[in-house]
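Q:
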Amino acid sequence: MTHFDIVVIGAGAAGMFAAMRAGQRGRRVLLLDHAEEPGKKILISGGGRCNFTNLGCAPDRFLSGNRHFARSALARYTQHDFIALVRKHRIAFHEKTLGQLFCDGSARQVVAMLLAECGAAGVDLRLRHRVTEISRSDRFTIATDHGAFTADSLVLATGGLSIPKMGATGFTHDIARRFGLPLAEPRPGLVPLTFAGEALDLMRPLAGVALPVIARCGKAAFPEAMLFTHRGLSGPAVLQVSSYWREGEAITLDLLPDRDAAALLLAAKRTRPKAEGRTILADLLPQRLAQSLAALHLPPRVIGETGDADLRRLGALLKAWTLTPAGTEGHAKAEVTLGGVDTAALSSQTMVAKNVPGLFVIGEAVDVTGWLGGYNFQWAWSSGWAAGEAA
Ligand code: FDA
Numbered sequence: 008m009t010h011f012d013i014v015v016i017g018a019g020a021a022g023m024f025a026a027m028r029a030g031q032r033g034r035r036v037l038l039l040d041h042a043e044e045p046g047k048k049i050l051i052s053g054g055g056r057c058n059f060t061n062l063g064c065a066p067d068r069f070l071s072g073n074r075h076f077a078r079s080a081l082a083r084y085t086q087h088d089f090i091a092l093v094r095k096h097r098i099a100f101h102e103k104t105l106g107q108l109f110c111d112g113s114a115r116q117v118v119a120m121l122l123a124e125c126g127a128a129g130v131d132l133r134l135r136h137r138v139t140e141i142s143r144s145d146r147f148t149i150a151t152d153h154g155a156f157t158a159d160s161l162v163l164a165t166g167g168l169s170i171p172k173m174g175a176t177g178f179t180h181d182i183a184r185r186f187g188l189p190l191a192e193p194r195p196g197l198v199p200l201t202f203a204g205e206a207l208d209l210m211r212p213l214a215g216v217a218l219p220v221i222a223r224c225g226k227a228a229f230p231e232a233m234l235f236t237h238r239g240l241s242g243p244a245v246l247q248v249s250s251y252w253r254e255g256e257a258i259t260l261d262l263l264p265d266r267d268a269a270a271l272l273l274a275a276k277r278t279r280p281k282a283e284g285r286t287i288l289a290d291l292l293p294q295r296l297a298q299s300l301a302a303l304h305l306p307p308r309v310i311g312e313t314g315d316a317d318l319r320r321l322g323a324l325l326k327a328w329t330l331t332p333a334g335t336e337g338h339a340k341a342e343v344t345l346g347g348v349d350t351a352a353l354s355s356q357t358m359v360a361k362n363v364p365g366l367f368v369i370g371e372a373v374d375v376t377g378w379l380g381g382y383n384f385q386w387a388w389s390s391g392w393a394a395g396e397a398a
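Per my numbering, the sequence shown starts with residue 8, numbered consecutively.
#1: Return the chain-ordered ranges of every beta strand (DSSP E) run that is complete within the stretch 280-359 and spans a minimum of 3 residues.
#2: Going by DSSP, what residue range makes up the beta strand (DSSP E) through Cys-224?
#3: Ser-250 by DSSP, collapsed to three states: which one?
#4: Taking only heavy atoms of ligand 1 into account, decide whether any of them is closer than 8 Å to the Cβ of Cys-110.
#5: Buried or exposed, going by whether 16 or more other CB atoms sit within 10 Å of the CB of Pro-193?
#6: Cutting at 8 Å between CB atoms, please list the residues of its own chain near His-101, excluding the five before and the five after it.
#7: Please state whether DSSP places Thr-139 in a helix, a strand or coil.
#8: Leaving out five residues before and five after Ala-297 in sequence, what residues of the same chain have Cβ atoms less than 6 Å from its Cβ?
#9: Who are the Cβ neighbours of Leu-318 in its own chain at under 6 Å, not counting the five residues just before and after it?
#10: Which residues in the same chain as Thr-165 place their Cβ atom closer than 7 Å to its Cβ, once the five residues preceding and following it in sequence are excluded?
#11: If Ser-249 sits next to Leu-209, beta carbons under 8 Å apart, how far is it from one beta carbon to the other, in whole angstroms?
#12: Excluding the 5 residues preceding and the 5 following Ala-268 in the sequence, name in chain order all residues of the same chain whose CB lies nearer than 6 Å to its CB.
#13: Locate the alpha helix (DSSP H) running through Asp-88, then write down its first and last residues.
#14: The beta strand (DSSP E) with Asp-181 in it runs from where to where?
#15: For Asn-383, does the three-state DSSP call read helix, strand or coil?
#16: Our contact map puts Leu-197 next to Glu-336 with C-beta atoms below 8 Å; I'd like the distance itself, whole angstroms only.
#17: With C-beta atoms as the reference, is Ala-302 less than 9 Å away from Val-359?
Right, here's the structure in full:
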């Protein structure tokens, strides 16, 4: 049985980063993955260009049972540290919007960078290894379909449940549970919302229509684009609020951000009294949406003959369209998994399990989930670094 200082399970963003850092510290590291290639989610991320971090990364952009938990790791390995690494590897990048940094070329460059760093740090990477059993006495024993290994430290980095057809599993959750670590219920995050009944009847014919909105759920508010789909709503604004949404709750959409809808409609009644309501609305909203809303919420008259109360009511609806989703499109379409290993069981400084010496949990498998926009990779880098420094 070969012995290593550290075995990392999961050669994704967090696992490669932890292995790299531990290797740089002179630790003997084995990095195992069941997939045929490392970093598969990095490769598909950001539409193939990997939104690898966010300039505005801050702890308040993460959801967790303990909203302070991510602070320490994010402070010790920041977005600026990662940007310096990307620069060192001469990977060209740009800010797309809202501080989101993407490769100019391809996400492959990020995986190549991580592999180069792991290689330089002496990390032993083994792919297509299925872990069959893990046990712990004075050290960890990791049995695989290619033989068993022992290690002083074990780092669990197999990510969340999103996109199971890409090989996502609940492995870390299961192992953590077996070692007595509590779990915050995993659920899909950054996921399209589905609707039923009249709301869906309205949305389905609008599939493909996009517009800027402010989407709100509880205290969370996101001014970004929204997209109608065949099953409901998607687009960045809706993906963002989906992480805050719980079954049975409503979301609210402001379809005319920064504009006073009622005042605009009442002004149009004075200045263009012969125009139809849907024509006025089409100046404010995408045409197909304007037509649908006018058909539902305005009498079939020219705007000059429409009552002020009707226009005010429509104005209020445009500013706060309140809808109750039927559900989400689930892990199959979710970008991340909310919940995971409960942060109460982990040290926020090192990511080690408080009650299981030598066991570390990092990345998306932990109950820390970022907003859309590069935050989840930054958590993978930061939590991976924290474990790599300590393991
Ligand atoms: P990650 O999922 O990256 O890695 C887990 C690794 O463990 C994988 O290599 C997997 O094969 C392996 N594994 C799983 N089960 C195993 C088992 N039983 N045995 C052995 N190995 C196992 N984030 C962001 O910040 N910017 C972006 O642009 C995007 N874009 C994006 C697009 C899409 C389509 C998705 C689905 C997700 C994103 N994300 C994102 C989210 C981001 O990809 C995610 O948060 C990180 O990859 C999480 O990193 P981890 O290392 O924790 O898990």
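A virtual CB, placed ideally from N, CA and C, is assigned to each residue, including glycine. These figures come from a predicted structure and were not determined experimentally.
A: Let's see:
#1: 328-330 and 343-348
#2: Within the sequence shown, the letter at position 217 stands for residue 224. Cys-224 -> beta strand (DSSP E) spans 217-224.
#3: By 1-based counting over the sequence shown, the position of residue 250 is 243. Reduced to three states, the DSSP call for Ser-250 is coil.
#4: Within the sequence shown, numbered from 1, the residue matching residue 110 stands at position 103. False, no ligand heavy atom lies under 8 Å from that Cβ.
#5: Translated into the one-based positions of the sequence shown, residue 193 becomes position 186. With 16 or more other Cβ atoms within 10 Å, it is buried.
#6: Along the sequence shown, one-based indexing puts residue 101 at 94. Sequence-distant partners of His-101 (beyond 5 residues in either direction) whose C-beta falls short of 8 Å from its own C-beta, in its chain, are Leu-108, Phe-109 and Asp-111.
#7: As a working note, residue 139 is residue 132 in the sequence shown. Correct three-state label for Thr-139: strand.
#8: The residue labelled residue 297 in the question sits at position 290 within the sequence shown. Taken in chain order, the residues that qualify are Arg-285, Leu-288 and Ala-289.
#9: Locating residue 318 in the sequence shown gives position 311, counting from the first residue. Hits under 6 Å: Leu-272 and Leu-273.
#10: Here residue 165 is taken as the residue at index 158 of the sequence shown, counted from 1. If we look at Thr-165 and ignore the five residues flanking it on each side, its Cβ neighbours are Ile-16, Gly-17, Thr-176, Phe-178, Thr-179 and Ala-372.
#11: On the sequence shown, residue 249 is found 242 positions in, with the first residue counted as 1. On the sequence shown, residue 209 is found 202 positions in, with the first residue counted as 1. Actually they are not in contact, since the Cβ atoms of Ser-249 and Leu-209 sit about 19 Å apart, beyond 8 Å.
#12: Taking the first residue of the sequence shown as position 1, residue 268 is located at position 261. Excluding residues up to 5 positions away in sequence, Gly-322, Leu-325 and Lys-326 lie with their Cβ nearer than 6 Å to the Cβ of Ala-268 in the same chain.
#13: Mapped onto the sequence shown, residue 88 falls at position 81. Its alpha helix (DSSP H) spans residues 86-95.
#14: Taking the first residue of the sequence shown as position 1, residue 181 is located at position 174. Premise fails: Asp-181 lies in the alpha helix (DSSP H), 178-185, not in any beta strand (DSSP E).
#15: Position 376 of the sequence shown holds residue 383. Helix at Asn-383.
#16: To locate residue 197, count along the sequence shown from 1; it is residue 190. To locate residue 336, count along the sequence shown from 1; it is residue 329. No, Leu-197 and Glu-336 are not in contact; Cβ-Cβ is about 11 Å, not under 8 Å.
#17: Here residue 302 refers to the residue found at position 295 of the sequence shown. Here residue 359 refers to the residue found at position 352 of the sequence shown. Going by C-beta atoms, Ala-302 is not nearer than 9 Å to Val-359.
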